[in-house]
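For the sequence shown, our numbering begins at 42 and goes up steadily by one.
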Amino acid sequence: MVYTIEEIKEKVEPIAKKYQVPKIYIFGSYARGQAKDTSDIDFIVNTNNLSYEQILNIFSSMYDDLEMVFHQEVDIIDENDLYLPKRRESAKRFVRNVLNERELVYELQ
42 MVYTIEEIKE KVEPIAKKYQ VPKIYIFGSY ARGQAKDTSD IDFIVNTNNL SYEQILNIFS
102 SMYDDLEMVF HQEVDIIDEN DLYLPKRRES AKRFVRNVLN ERELVYELQ
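Shown next, in the form of structure tokens:
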């Protein structure tokens with residue numbers, strides 16, 4: 042099934058609130074409007090500078106919750122990882138593309 046951005050927002054909101062994350066974005070084929078039935082959903086989660094251990098705990102559970110509500114594969118990237126200073130050129134291009142195409146699907150009010 043291919044979800045609309047609005048459907049993604051509706052499904053993501055309770056999960057974002059559960060884990061108290063300030064922002065969640067999508068990127069990849071869904072953000073570009075090119076998703077197919079076989080597409081996974083790629084998420085960027087703002088973890089608001091939590092510790093590495095806290096992020097691992099949250100992402101492990103959040104991953105399961107997202108796959109359960111969407112019934113398809115998901116990927117999660119910590120937004121802080123996009124801003125790591127030392128990157129190979131290919132990784133820098135990937136990060137630029139992600140930052141350019143990402144679409145906000147949840148923001149804490």
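All residues carry an ideal CB built from backbone N, CA and C; glycine is no exception.
{"Item": "Helix, strand or coil at ASN87 according to DSSP, with G and I counted as helix", "Value": "strand"}
{"Item": "Per DSSP, the bridge partner or partners of LEU239", "Value": "Residue coverage of the chain in this structure runs from 42 to 150, which leaves residue 239 outside it and unanswerable."}
{"Item": "Given TYR121 as reference, the closest of ILE56, LYS58, LYS64 and GLU51 once Cα atoms are compared", "Value": "Checking the displayed sequence, the identity of residue 121 turns out to be Asn instead of Tyr. That would be LYS64, whose Cα lies nearest to the Cα of ASN121."}
{"Item": "Continuous beta strand (DSSP E) stretch holding LEU145: start and end", "Value": "144 to 148"}
{"Item": "Opposing strand residues paired with VAL115 [DSSP bridges]", "Value": "ILE82"}
{"Item": "Short Cβ contact (9 Å threshold) for ILE85 with ILE118", "Value": "yes"}
{"Item": "C-alpha gap between LYS95 and MET42, whole angstroms", "Value": "In the sequence under discussion, the amino acid at residue 95 is Gln, which differs from the Lys named in the question. Rounded to the nearest angstrom, the two C-alpha atoms are 32 Å apart."}
{"Item": "Cβ pair GLY69, ILE82 closer than 9 Å", "Value": "yes"}
{"Item": "Per-residue burial, THR88 [other beta carbons within 10 Å of its own, 16 or more giving buried]", "Value": "buried"}
{"Item": "Helix, strand or coil at LYS77 according to DSSP, with G and I counted as helix", "Value": "coil"}
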